[in-house]
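Numbering (our numbering), first residue to last: 89 to 250.
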């Protein structure tokens with residue numbers, strides 16, 4: 089993957105830890121309120137410390153490579169939210185996978201959002217074992233030469249001017 093780093097955009101990957109609601113024992117995070125309680129996804133990142141990036145000027149500079157995970161908001165925008173989700177979209181691959189968005193926490197455990205095997209947006213305790221699907225943003229001069237993005241036929245990228 090390091091050979092492709094020059095073709096990747098340093099994107100903000102938002103792990104929105106803003107609080108939607110809290111009681112004495114449970115904190116529900118912003119993504120929960122927007123996507124599980126209501127259907128109001130947002131691409132805004134309210135807290136500067138939640139903006140994961142390589143560059144410390146545009147984000148928090150905590151990433152070594154410009155690779156992140158999708159958020160609950162982006163999954164909802166892709167049609168895989170909590171209500172009215174589709175099983176036909178590109179994120180539905182019969183596998184559970186983690187997202188970057190926290191769901192809730194209490195005094196006993198933390199819950200993070202995931203996409204289920206059916207493509208539904210759900211929470212799961214962090215002790216569960218699921219996969220990840222890394223996400224990248226390509227710079228404008230990057231072209232997908234071949235491949236379909238699968239494990240057996242990965243994308244082959246080239247820069248436009250080569």
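Positions of the beta carbon are idealized from the N, C-alpha and C atoms, including for glycine. No experiment lies behind these values; they were computed from the predicted model shown.
1) Could you compute how far the alpha carbon of residue 197 sits from the alpha carbon of residue 217?
2) I need the DSSP call for residue 151, collapsed to helix, strand or coil.
3) If you check the beta carbons only, do residue 157 and residue 166 fall under 7 Å apart?
4) Following the continuous beta strand (DSSP E) through residue 199, name the residue where it begins and the one where it ends.
5) Could you pull the start and end residues of the beta strand (DSSP E) that residue 165 belongs to?
6) At what residues does the beta strand (DSSP E) containing residue 234 begin and finish?
7) Does the separation of the CB atoms of residue 184 and residue 205 fall below 7 Å?
8) Please name the residue or residues paired with residue 102 in a DSSP beta bridge.
9) Label residue 139 either buried or exposed according to how many other C-beta atoms from any shown protein chain fall within 10 Å of its C-beta, with 16 as the threshold for buried.
10) I'd like to know if the segment 142-149 and the segment 104-111 are in contact, where contact means that at least 3 CB-CB pairs between them fall below 8 Å.
11) Which residue marks the beginning of the beta strand (DSSP E) containing residue 211, and which one marks its end?
12) Measuring CA to CA, which of 222, 135 and 227 is closest to residue 188?
13) What residue from 244, 210 and 231 has the CA that sits closest to residue 171's CA?
14) Nearest to residue 235 by CA position, among 244, 228, 186 and 227, is which residue?
Looking at the coordinates:
1) Here the question's residue 197 lines up with position 109 in the chain shown. Here the question's residue 217 lines up with position 129 in the chain shown. If I take the Cα positions, the gap works out to 15 Å.
2) In the chain shown, residue 151 corresponds to position 63, counting from 1. Residue 151: coil per DSSP, three-state reduction.
3) Stepping through the chain shown from its first residue, residue 157 is reached at position 69. Stepping through the chain shown from its first residue, residue 166 is reached at position 78. Against a cut-off of 7 Å, the Cβ pair of residue 166 and residue 157 comes out as no contact.
4) Taking the chain shown and counting its residues from 1, the one referred to as residue 199 is at position 111. Its beta strand (DSSP E) spans residues 198-203.
5) As a working note, residue 165 is residue 77 in the chain shown. Per DSSP, residue 165 belongs to no beta strand (DSSP E); it is in the alpha helix (DSSP H), 160-165.
6) In the chain shown, counting from the first residue as 1, residue 234 sits at position 146. 230-234 is the extent of the beta strand (DSSP E) around residue 234.
7) On the chain shown, residue 184 is found 96 positions in, with the first residue counted as 1. On the chain shown, residue 205 is found 117 positions in, with the first residue counted as 1. It is a contact, given that the beta carbons lie within the stated cut-off.
8) The residue given as residue 102 occupies position 14 in the chain shown. According to DSSP, which records beta bridges pairwise, residue 102 is partnered with 139.
9) As a working note, residue 139 is residue 51 in the chain shown. With 16 or more Cβ atoms within 10 Å of its Cβ, residue 139 is classed as buried.
10) no
11) Position 123 of the chain shown, counted from the first residue, corresponds to residue 211. 209-213 is the extent of the beta strand (DSSP E) around residue 211.
12) Translated into the one-based positions of the chain shown, residue 188 becomes position 100. Per the Cα distances, 222.
13) To locate residue 171, count along the chain shown from 1; it is residue 83. Answer by Cα proximity: 210.
14) Here residue 235 corresponds to residue number 147 of the chain shown, with the count starting at 1. Residue 235 has its Cα closest to that of 244, out of 244, 228, 186 and 227.
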